[in-house]
Amino acid sequence: MFSWKLLLLGLVVHLILFYSIFDIYFKSPIVHGMTPHSSPTSPPAKRLVLFVADGLRADKFYELQDGKSKSPFIRSIMEKNGSFGISHTRVPTESRPGHVAIIAGFYEDVSSIAKGWKENPVEFDSVFNESFSTWCWGSPDILPIFAKGDSYKHIYMTMYAEEEIDFGGTDPSRLDTYVFSSVKNFFHQAKQDPDLMKKLMSDKIVFFLHLLGIDTNGHSHHPHSKEYIENIQIVDEGIKEMVHVIDNFYNKDGKTAYILTSDHGMTNWGSHGAGNPHETLTPLVAWGAGIRTAMPAGKHSGFTDNFSEDWFLSHLLRNDVEQADIAPLMASLIGVPFPKNSVGKLPLEYLSGDLGYKAENLLTNAKQILAQYTVKMMLAQNTSLSMTFKPFSELTSSIQAEKIQHIQNLIYAGQYEEAIVEGKRLIDLSLKGLQYYQTYNRMLLGTSVFFSFVGWMFFVICLLLQKHSGLMTTSFQMHIMNLRWWPTKNFIDISILVIMCVIIGFLFVTSSPLMYYMYLLLPVLMWRSVIHRKDIVFAAVKAAYENHILHSVGLELIVTFIGLEILVYSFFERKAIAIGLILMALWAPLSFNWHYNKLPILGWVISCLALAVFPLLPTVNKDRNYKLVVAAGVIAIFLGSYSLHKMFPRESLMKTRKFGLFQVFLIGLAVYIVHSTANNLAVNQGLQPINQCISWLLLGSTFVLPLFSSQLVIERLHSILLSLYTLYTLMSTSHECLFILSFCCSLFFWVWLESIVTPSLHFQLDDVRTLHFGSELQEENNYIRISKEDTRRAYFFVSFLICFVLYLLSVTGLWPCWSITLKGLVK
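Numbering-wise, the numbering used here comes out as the position in the sequence shown, counting from 1, plus 13.
Written as structure tokens, this is what we have:
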């Protein structure tokens, strides 16, 4: 058995390795110290109105229903007075990163999103912050993101209570009607408030209306539902009324710009967060001051996709943008400085000004992004030795000055089209340089973490061989000690100490973060421990050579390599794990006598094949299917009752059977709650209080009841399984319950077959009934010898673990986000 010191060391090492993923690959893109840049041209608008319809899908907004538009007011604007297109969002398609991209112009990293939902993990600039005044109405989950600290006192918020955001509520569209009513009252009261009227008559002001009803209805009823469609119509009517109120308030001076968009879309299942096109394609409609009116589609500017045919908008020019491009568009319309951390490219296709106006604004956009590039370059240079620093050769300081001067000369000469082309090239080059310095130290740190992980594996292998292989005989140890060509222990320690001092000195001189010391010193310490165990390495090589092991493991190495490749590839394509499960199913028929082990072999094959079906299913379901939940619950009740009857037949275990039957009853109660709640939601009755109370009680029982079961292993495990299945039933909406049944059956038959293949452990089903937690299963003489079977067991364990994790990612809709992120890291 390993000591607690080794367990503590392993925990610390794995925590460092786990943290390094977010620290190295998901660093915040935000830097500070840039000078704000605003266009020298006169802005076309004095004020901006931003409508964000949370959770609005592009297709549901643009498509016709029975030949009619769901949003006739916006449709008329698109065809006459404004421009439209698709705003392409990025993963994760959640509300916070979506709003940050729209209003601040940059994409938050995963670690920043995890650090805070309403609060800012880091300070960042936004269009609201650069404005003279901003008034916001909407959700308390979103508005505070952009109004934190003393520097945001010019941002005014009107929010409804958090209790109003009820996904099981009867009418979530009331969230939007509240916003529209609040805006109407605001402008009505402004006529009696001279101070407020003075602010409203100023330039560079923003009105932000966050509309959450569509998102809430999508979660509750799905985007295909009548409630979702009706909410779109409510938003369209509300926007029409807001335009009328605002235009009348300003006497129709033509100085108001309007933008309608969404932070993310939604799957047919009613979820978001991943990279499904229904989640990443959101509408963008702009009209008013400074916005180009509708234009007919040119010969090569029509729709090129296969999802917009039923929109019947192919006769109009559609301008697609990245979500972060909306921030510079808003800044240019009202003449405020571009957000300092914005990486958006100004979409000139939406602007109505002349080419000179567009060229000047694009140059300002390029200077703003270039300012970020300069700061990041200085940070990378300050944290590197002059002899090791490698600048981005395509955009040095001299090249920057030359390109900016060239664009300015083109503008002065009236060659605006050439200036626009050069401005776009400079922006693309600056963004490329930003990415270069954002990942400047990634290769060094990633390599260090890789060697740390490999070093830990070799360290553990050495310990296993040393304690459980029998290779280290006394004579062999004496032979190793007499090796003259191998460096002494003192020499190795001195060399390691010198290397560590060099690393520490390098990090100290470059003012590197504290975690960099961990990443670069950890592999040195790991490999020092491996080198000090040279004796076991030599013993293993000597034994393999003398016993001709290397000549007989060719096929096993090939099988091992294929198995590992399947596991690795499954992180990118989850269907690969199904191949691994099918191959695992063949293990029992090929390794056991069918005549004596029919039941465990048959159970293992069926459960593994059943488990292999789930990775082949879609990542998210089109519709919820509570019939599957009920069917799985019935099967679980039958299996739970049958197992109680078989495992605890004696009268002495009657108390155990009654306790287990009570837990089986709770599974049935959970199934009833799911069925009842689904019916209530279908008729818009919401979550009933009695169902809510029972659900909370069942949730509490999940963690409490197993503590009252016996310490007998089989009884305790049986109780834990029944309790967890109760919890799983409450959280299931489709085939999740069938997955957990197949998963648990696979584990059960795996344990059964392992007890057969390793009889020396005396691990039979009858013995398990009398085995207590805390007991140890050991061979004779308290010595466990490792073998090839241990490799297979480890592989099966990791396969089951990965299968479970990947299924959770798929049913929660996070699989595309996971897959895209991994592919991006590899790239």
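Cβ atoms here follow ideal geometry from the backbone N, Cα and C, with glycine treated the same way.
Between Phe-472 and Val-543 a beta carbon distance of about 5 Å is seen, short of the 8 Å cut, so the two are scored as contacting. The DSSP-derived three-state label of Glu-335 is strand. Annotated three-state conformation of Phe-351 is coil, per DSSP. Ranked by how close their Cα comes to the Cα of Ile-155, the residues Met-170, Ile-686, Phe-675 have Met-170 in first place. Three or more beta-carbon pairs separated by less than 8 Å are not found between the segment 229 to 242 and the segment 22 to 30, which leaves the two stretches without contact. Nearest neighbour of Phe-220 by Cα position, chosen from Val-258, Gln-246, Leu-188, Pro-185, turns out to be Val-258.
The Cβ atoms of Ala-66 and Ser-275 lie closer than 8 Å to each other.
Annotation: Ile-99 to Ile-90 spans about 16 Å, alpha carbon to alpha carbon.
Going by DSSP, Arg-438 is part of the alpha helix (DSSP H) stretching over 429 to 451. By the C-beta density criterion, Ser-16 is exposed, having fewer than 16 other C-beta atoms within 10 angstroms. Under the three-state reduction of DSSP, Ile-218 is assigned to strand. Between the segment 399 to 416 and the segment 53 to 61, the count of Cβ pairs shorter than 8 Å is below three; the stretches do not touch. If you ignore the 5 residues before and after Ala-393, its C-beta comes within less than 6 Å of the C-beta of Tyr-450, Tyr-453, all in its own chain and listed in chain order. The beta strand (DSSP E) runs lying completely inside the segment 273 to 327 and spanning 3 residues or more are 294 to 301, given in chain order. Between the C-alpha atoms of Val-515 and Leu-20 there is a straight-line separation of about 30 Å. With fewer than 16 other Cβ atoms from the protein chains shown falling within 10 Å of its own Cβ, Met-470 counts as exposed. Judged by DSSP in its simplified three-state form, Ile-417 adopts helix. Contact between the segment 752 to 764 and the segment 609 to 625 is present: three or more C-beta pairs spanning the two stretches fall below 8 Å. Here the alpha carbon of Ala-203 sits roughly 6 Å from the alpha carbon of Leu-209. Between Leu-297 and Val-334, the beta carbon gap of about 6 Å places them in contact (Cβ cut-off 8 Å). Note on Ala-695: under 16 other CB atoms within 10 angstroms of its CB, so exposed under the neighbour-count rule. Residue pairing of Ala-552 in beta bridges, as defined by DSSP: absent, with no partner found. The shortest C-alpha to C-alpha distance from Gln-701 to any of Tyr-263, Ile-686, Leu-712 is the one to Ile-686. Counting along the chain, Thr-190 sits inside the alpha helix (DSSP H) bounded by residues 187 to 203. Look at Arg-60 here: in three-state DSSP terms it is strand.
In this structure, Ala-270 is the residue among Ala-270, Phe-605, Phe-813 with its C-alpha nearest to the C-alpha of Gly-95. When Cβ pairs closer than 8 Å are counted between the two stretches, the segment 31 to 39 is seen not to touch the segment 188 to 208, the count staying below three. Your pair Ala-340 and Ile-116 checks out as a contact, with CB atoms roughly 6 Å apart and the cut at 8 Å. Looking at the DSSP output, Tyr-169 shares a beta bridge with Trp-148. Within the model, the alpha-carbon separation for Phe-320 versus Glu-107 is close to 23 Å. Around the Cβ of Trp-282, a 10 Å sphere holds 16 or more other Cβ atoms; the residue is buried. With a cutoff of 8 Å on beta-carbon distance, Asn-230 and Pro-185 are scored as near each other. Leu-329 carries a strand assignment under DSSP once its states are collapsed to helix, strand and coil. Tyr-370 is a Cβ neighbour of Thr-54, given a cutoff of 8 Å. DSSP places Ile-43 outside both helix and strand once states are collapsed to three, so it counts as coil.
With fewer than three CB-CB distances shorter than 8 Å, the segment 620 to 629 does not count as touching the segment 732 to 739.
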